[in-house]
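Engineer: If you scroll down you'll find the structure; I have some questions about it.
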Amino acid sequence: MSEPGARGPGRADGQDLTGSLLVATPLTGDVFERAVVLVLHHDADGAHGLILNRPMDARVEAVLPQWQPFVTAPGVLFRGGPVGPDTAMGLVSVPGHDPHDPPLGTQLLFGGIGLVDLDAPAPLVVPELGAFRIFVGYSGWAPGQVESELRRGAWYVVPREPRDPFHEDVAGLWREVLLRQRSSMAFVTTWTDVPETN
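Counting in numbering that gives the first Met the number 0, the sequence shown tops out at residue 197, every number present.
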């Protein structure tokens, strides 16, 4: 699957956003302020994804102790979004694997990225994984909702780079993603909610 090109706010273009990043603009609401969302699935029935840059204060062992030794640093749970706060999803990188023959306990989605069955025995699954994080809750949009938010200018749509979903500098991800775009998006990194300093 080819990577989608960067698109500015307000341009849904009727395209499948699966595998892209939604990057919050100054018009995005508080829940998603400065969020970077990896879109896991998008079609006529809606979209869902995970916020990549919302680490929580809780370590993975607080809810899923068998997975703690295997998660990618910083070893904490991530807030995937406001929907389904009682659910957990394991996002994994499985580089170079045949998408038609996924590793045990995993579902490959795109570009070596997939989901792992958190009920599977960890020692049997982890040898195949390149990176792994666990998210509590997810971000979801009803049919037409994400397109409406794009038209309103609430998101930038940009291509994903391989290291984004498991980036070491979680706090700096929003800024880094915008700065690498060769467009006016980079200027948004200087935005604050204090008008005098914009």
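All C-beta atoms, glycine included, are put in the ideal place defined by N, C-alpha and C.
1. Does the count of Cβ pairs from the stretch 80-93 and the stretch 119-135 closer than 8 Å reach three?
2. Give the DSSP-derived three-state secondary structure of Q106 in the structure shown.
3. Measuring straight from C-alpha to C-alpha, what distance separates E148 and W154?
4. Label V156 either buried or exposed according to how many other C-beta atoms from any shown protein chain fall within 10 Å of its C-beta, with 16 as the threshold for buried.
5. Report the rounded CA-to-CA distance for Q14 versus V35, giving the unit in angstroms.
6. Whole-angstrom Cβ separation of E131 and V70, contact assumed at under 8 Å?
7. State the CB to CB distance for the pair V22 and P54, rounded to an integer number of angstroms; the pair is presumed to be in contact (CB under 8 Å).
8. Determine the direct distance from the alpha carbon of Q106 to that of E195, and round the result to whole angstroms.
9. Measuring straight from C-alpha to C-alpha, what distance separates G113 and D100?
10. So L177 is in the alpha helix (DSSP H); what residue range does that whole segment cover?
11. Using beta-carbon positions only, say whether G80 and I50 come within less than 8 Å of one another.
12. How would you write the range of the alpha helix (DSSP H) that A119 sits in, first residue to last?
Structural biologist: Looking at the coordinates:
1. yes
2. Here residue 106 is taken as the residue at index 107 of the sequence shown, counted from 1. The answer is strand: DSSP assigns Q106 an E or B state.
3. The sequence position of residue 148 within the sequence shown is 149, counting from 1. The sequence position of residue 154 within the sequence shown is 155, counting from 1. Their Cα atoms are separated by approximately 7 Å.
4. Position 157 of the sequence shown, counted from the start, is the residue given in the question as residue 156. Label assigned to V156: buried.
5. Taking the first residue of the sequence shown as position 1, residue 14 is located at position 15. Taking the first residue of the sequence shown as position 1, residue 35 is located at position 36. Approximately 19 Å, taken between the alpha carbons.
6. Counting from 1 along the sequence shown, the entry for residue 131 is found at position 132. Counting from 1 along the sequence shown, the entry for residue 70 is found at position 71. Strictly speaking, residue 131 in this sequence is Phe, with Glu absent from that position. That pair is a contact at about 5 Å.
7. For this step, residue 22 is matched to residue 23 along the sequence shown. For this step, residue 54 is matched to residue 55 along the sequence shown. That belief does not hold up - the Cβ atoms of V22 and P54 are roughly 18 Å apart, past 8 Å.
8. By one-based count along the sequence shown, residue 195 stands at place 196. By one-based count along the sequence shown, residue 106 stands at place 107. Legend: pLDDT at E195 = 46, less than 50; position of this residue unreliable, value from coordinates given subsequently. The alpha-carbon atoms of E195 and Q106 are separated by roughly 48 Å.
9. Position 114 of the sequence shown holds residue 113. Position 101 of the sequence shown holds residue 100. The straight-line gap from Cα to Cα measures roughly 12 Å.
10. Looking up residue 177 in the sequence shown gives position 178. Counting along the chain, the alpha helix (DSSP H) containing L177 begins and ends at L172 to L178.
11. Within the sequence shown, the letter at position 81 stands for residue 80. Within the sequence shown, the letter at position 51 stands for residue 50. A contact, by the Cβ cut-off of 8 Å.
12. For the purposes of this step, residue 119 is taken as residue 120 along the sequence shown, with counting starting at 1. Neither: A119 is in no alpha helix (DSSP H) and is coded neither H nor E.
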